[in-house]
Amino acid sequence: MAQGRKGKLNYRCPRCLMREIDMDMLFDSAKGEYYCLRCSFVGPESEVQRLNAQFRAKYLDRTVRITDF
Ligand SMILES: [Zn+2]
């Protein structure tokens, strides 16, 4: 197994985050990708940031009381 190292920034796994699981990812410097030990997620920093933005969008209305359906 490749030696995993923490990246410059410590990202959470976006796929685990979607399942309400808080899991740090390791950085594969040979491939320049982050990967998760818990699920099979592998991706570059840009992909991680894109998914994190998606995750934030999901909870964008969390402070708004929704009365109309
Ligand atoms: Zn994961």
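Anchor point for the sequence shown: position 59 equals 160 in the working numbering, and the numbering is continuous, going up by one each time. Ideal placement from N, C-alpha and C gives every residue a C-beta, glycine not left out. Note that this is a predicted model, so its numbers are computed, not measured.
Span separating the alpha-carbon of Glu121 from that of Phe128:
Approximately 21 Å between the Cα atoms of the pair.
Return the residue from the list Glu134, Ala158 and Ile167 that minimises the CA-CA distance to Val149.
Ranked by how close their Cα comes to the Cα of Val149, the residues Glu134, Ala158 and Ile167 have Glu134 in first place.
Please give the ranges of any alpha helix (DSSP H) in the region 109-159, keeping only runs that are unbroken, at least 4 residues long and fully inside the region.
Runs of the alpha helix (DSSP H) lying entirely within the region 109-159, each at least 4 residues long, are 115-119 and 146-159 in chain order.
Buried or exposed for Gln160, going by 16 or more other Cβ atoms inside 10 Å?
One detail in the question is off: residue 160 reads as Tyr in this sequence, not Gln. So Tyr160 ends up on the exposed side.
Check: Arg116 C-beta below 6 Å from any heavy atom of ligand 1
Yes, the Cβ of Arg116 comes within 6 Å of a heavy atom of ligand 1.
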